[in-house]
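Down below is the structure, laid out as structure tokens.
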Amino acid sequence: MNARTTRTLAAALSLTAALAISGCSGSSGSSGSKDDASKPAPTVGDAFMPQPVNDKMAGAFMVIKNDSKTADKLTGVTSTLSDDLQIHETKDQKMQQVPSLNVPANGELKLERGGTHIMFMGLKSTPKVGDKVTVELRFEKADPVKVELDVKERTYTGQAPTSAAGNAH
Ligand code: CU
Numbered sequence: 001m002n003a004r005t006t007r008t009l010a011a012a013l014s015l016t017a018a019l020a021i022s023g024c025s026g027s028s029g030s031s032g033s034k035d036d037a038s039k040p041a042p043t044v045g046d047a048f049m050p051q052p053v054n055d056k057m058a059g060a061f062m063v064i065k066n067d068s069k070t071a072d073k074l075t076g077v078t079s080t081l082s083d084d085l086q087i088h089e090t091k092d093q094k095m096q097q098v099p100s101l102n103v104p105a106n107g108e109l110k111l112e113r114g115g116t117h118i119m120f121m122g123l124k125s126t127p128k129v130g131d132k133v134t135v136e137l138r139f140e141k142a143d144p145v146k147v148e149l150d151v152k153e154r155t156y157t158g159q160a161p162t163s164a165a166g167n168a169h
């Protein structure tokens with residue numbers, strides 16, 4: 001048990017170091033830029049949350065569109081459902097927290113299953129299919145955007161194609 005603990009600890013430490021290095025770039029808070037004219041005003045579509053299994057965690061997915069010619073970054077998310085919302089990306093089928101995600105100019109940021117997503121850590125209640133969950137997205141440049149998530153079936157992957165073949169409901 002001891003050797004194993006030591007090894008796990010070493011792995012955790014090197015992971016922390018790697019995260020610290022990658023986390024350093026990009027998140028230097030340069031405030032007070034001048035370009036209000038081209039300030040991004042992102043719009044959000046297809047926002048949903050698969051019904052959480054329990055009150056431990058939940059994911060949220062959406063498409064964030066940026067029609068301005070200024071690139072922006074999603075830097076944080078808040079919600080009344082949880083005090084700890086994180087931005088995750090999926091690498092080699094493992095989730096890891098990232099400080100921000102790019103929202104390209106004249107482009108979009110897709111949060112989709114199996115990829116980048118918003119993660120609720122610790123829920124104050126467990127939403128059910130048909131419920132709505134409100135979140136507020138925070139950006140580096142744009143004003144915060146309020147988004148209503150539709151709570152969907154656990155298997156929902158967004159924009160479900162209407163399949164005539166054999167689904168009971
Ligand atoms: Cu996650």
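Going by the working numbering, the sequence shown wraps up at 169, each residue one higher than the last.
Virtual Cβ for every residue (Gly too), placed ideally from N, Cα, C.
Check                                                                                                                                                          : Outcome
In angstroms, rounded to a whole number, what distance separates the CA positions of cysteine 24 and arginine 138?                                             : The predicted position of cysteine 24 is uncertain, since its pLDDT is 41 and thus under 50; a value taken from the coordinates is nonetheless stated next. The alpha-carbon atoms of cysteine 24 and arginine 138 are separated by roughly 19 angstroms.
So, is arginine 106 buried or exposed, given that buried needs 16 or more other C-beta atoms within 10 angstroms?                                              : In the sequence as presented, arginine is not what sits at residue 106; that position holds asparagine. Flag for asparagine 106 reads exposed.
Let me check you understand the geometry: is the CB of methionine 119 closer than 6 angstroms to at least one non-hydrogen atom of the ligand CU?              : yes
Buried or exposed: which applies to aspartate 72, given that a residue is buried once 16 or more other Cβ atoms fall within 10 Å of its Cβ?                    : buried
Apart from the five residues on each side of it in sequence, which residues of its chain come closer than 8 angstroms, Cβ to Cβ, to glycine 45?                : Met62, Val63 and Lys65
Could you please give the first and the last residue of the uninterrupted beta strand (DSSP E) stretch that includes valine 135?                               : 132-139
For the region 125-140 and the region 91-99, state whether three or more C-beta atom pairs, one from each stretch, are separated by less than 8 angstroms.     : no
Would glutamate 148 be called buried (16 or more neighbouring beta carbons within 10 Å of its own) or exposed?                                                 : exposed
If you drop the 5 nearest sequence neighbours on each side, which residues of the same chain put their C-beta closer than 8 angstroms to that of aspartate 84? : Phe120, Met121 and Gly122
What is the DSSP secondary structure of proline 42, counted as helix, strand or coil?                                                                          : coil
Would you say the beta carbon of methionine 95 comes nearer than 6 angstroms to a heavy atom of the ligand CU?                                                 : yes
State buried or exposed for threonine 155, treating a residue as buried only when at least 16 other CB atoms are found within 10 Å of its CB.                  : exposed
Can you tell me the Cβ-Cβ gap for proline 40 and threonine 70, rounded? I've got them flagged as a contact below 8 angstroms.                                  : 5 angstroms
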